[in-house]
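> So the sequence shown is numbered by the working numbering: it starts at 2 and just counts up by one.
Just so it is clear, CB atoms sit at the ideal spot from N, CA and C, and this is done for glycine as well.
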Amino acid sequence: MALEGKTAVVTGAAMGIGKAMTEILLQNGAKVVLLDVNATAGESLKEALNKEYGQKTLFLNCDVESEEQLKAAFQKAADTFGRIDILCNNAGILNEATWEKTVSINLMGVIRGSYLALEHMNKMSGGQGGVIVNTASMAGIGPFLSCPVYTATKSGVVGFTRAMAAASVASGYGIRFNALCPGFVQTELMSNIVDRLGRFSHLTDATHKLVEKMGVLSVSEVAECLLELVTDETKNGEALVVFPKGKKYVTFSSLLQ
Ligand SMILES: NC(=O)C1=CN([C@@H]2O[C@H](COP(=O)(O)OP(=O)(O)OC[C@H]3O[C@@H](n4cnc5c(N)ncnc54)[C@H](O)[C@@H]3O)[C@@H](O)[C@H]2O)C=CC1
Ligand SMILES: CCCCC/C=C\C=C\C(=O)C/C=C\C/C=C\CCCC(=O)O
Numbered sequence: 002m003a004l005e006g007k008t009a010v011v012t013g014a015a016m017g018i019g020k021a022m023t024e025i026l027l028q029n030g031a032k033v034v035l036l037d038v039n040a041t042a043g044e045s046l047k048e049a050l051n052k053e054y055g056q057k058t059l060f061l062n063c064d065v066e067s068e069e070q071l072k073a074a075f076q077k078a079a080d081t082f083g084r085i086d087i088l089c090n091n092a093g094i095l096n097e098a099t100w101e102k103t104v105s106i107n108l109m110g111v112i113r114g115s116y117l118a119l120e121h122m123n124k125m126s127g128g129q130g131g132v133i134v135n136t137a138s139m140a141g142i143g144p145f146l147s148c149p150v151y152t153a154t155k156s157g158v159v160g161f162t163r164a165m166a167a168a169s170v171a172s173g174y175g176i177r178f179n180a181l182c183p184g185f186v187q188t189e190l191m192s193n194i195v196d197r198l199g200r201f202s203h204l205t206d207a208t209h210k211l212v213e214k215m216g217v218l219s220v221s222e223v224a225e226c227l228l229e230l231v232t233d234e235t236k237n238g239e240a241l242v243v244f245p246k247g248k249k250y251v252t253f254s255s256l257l258q
């Protein structure tokens, strides 16, 4: 998919991985609607990006936990730029103490965003198709020992993405669904880890050891992989793992064979 003339919506776009995703989509010709709960960071990023790329971005204060806010944001995006072609369900938190909120944002937010975006993108209801990329994690593929609930949400995102890819093909939606599964990435999410681990705070040292063993990615390395999942039309139902030594499409075996 060529990005010139296309419109992307990115959740959790004000900082970290979402910010890098926004930048790479703009660099490749797309217009980008940034959604985030951090209005200060979002507004100032929008100002900076519009100076650099022209009036190609819009920031909307939007919490992915709110159906109402997300619905209004997609409508505003479509009204402003005429269409929605790409959705990056990226907003996420890591907090084992407030675990219900972790489920609500990381898993329910992805499902909510995907279903609402279908109303604009689905070829069966007047949309023009496109691609949805969900930010999961390596924790969606293998267990992250100090974060069982975070692991559960990211495993859920991978499963939801793969099932939606199959449903989309079977239903003629014209939308590809892929999951991006990075290892550790240098962002705010990696700070104050003891507080985030809740009942597993005793596993802080083990977590640091895992980080040392696996290494840490930059946000731009992750954004490059997003671009691949968006632009390569052969990719549907994929889980792309990104780690400092490289990237790898995960092979899943079918239980039906
Ligand atoms: N940093 C890491 O090591 C890794 C992160 N990830 C995933 O990448 C995604 C992005 O994380 P990072 O950029 O690292 O985190 P970050 O904390 O740097 O950025 C997250 C952004 O999401 C926004 N956000 C949080 N809750 C929101 C909500 N309810 N609605 C809308 N926006 C909200 C925040 O305001 C922030 O701008 C998350 O889904 C995370 O689970 C995946 C693998 C590794
Ligand atoms: C400095 C402490 C960092 C704490 C963690 C912060 C963010 C982590 C975000 C993730 O999404 C986790 C990313 C990678 C690790 C996940 C799983 C490892 C699986 C290993 C295995 O398969 O055995």
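Would you check if the distance between the CB atom of Gly141 and the CB atom of Ser156 is smaller than 8 Å?
Contact: yes.
> For Ala137, count neighbouring Cβ atoms within 10 angstroms of its own Cβ and tell me buried if that reaches 16, exposed if not.
Buried is the call here.
> By DSSP, does Ile18 sit in helix, in strand, or in coil?
Note: Ile18 maps to helix in three-state DSSP.
> Looking only at its own chain, which residues have a Cβ that is under 6 Å from the Cβ of Val159, when we skip the five neighbours before and after it?
Cβ neighbours of Val159 beyond the five flanking positions: Ala137, Gly141, Ala180 and Ala240.
> Under the three-state reduction of DSSP, which class applies to Cys89: helix, strand or coil?
Reduced to three states, the DSSP call for Cys89 is strand.
> Helix, strand or coil: which one does DSSP assign to Lys155?
Residue state, collapsed to three classes: helix.
> So who's on the other strand from Val132, going by DSSP bridges?
Per DSSP, Ile87 and Arg177.
> If you drop the 5 nearest sequence neighbours on each side, which residues of the same chain put their C-beta closer than 7 Å to that of Lys249?
Here the set comprises Val242.
> What does a CB cutoff of less than 8 Å around Lys20 pick up in its chain, not counting 5 residues either side in sequence?
Answer for Lys20: Ala14, Leu46 and Val220, listed in chain order.
> Helix, strand or coil, according to DSSP, for Pro183 in the structure here?
DSSP places Pro183 in strand when its eight states are reduced to three.
> Would you check if the distance between the CB atom of Gly238 and the CB atom of Phe185 is smaller than 8 Å?
Not in contact: Gly238 and Phe185 (Cβ atoms no closer than 8 Å).
> With the cut-off set at 8 Å, would you say Phe60 and Gly83 are in Cβ contact?
Contact: no.
> Within the continuous beta strand (DSSP E) that includes Lys248, where are the two ends?
Counting along the chain, the beta strand (DSSP E) containing Lys248 begins and ends at Gly247 to Tyr250.
> Checking 8 Å against the spacing of the C-beta atoms, do Pro245 and Gly199 come in under that value?
Not in contact: Pro245 and Gly199 (Cβ atoms no closer than 8 Å).
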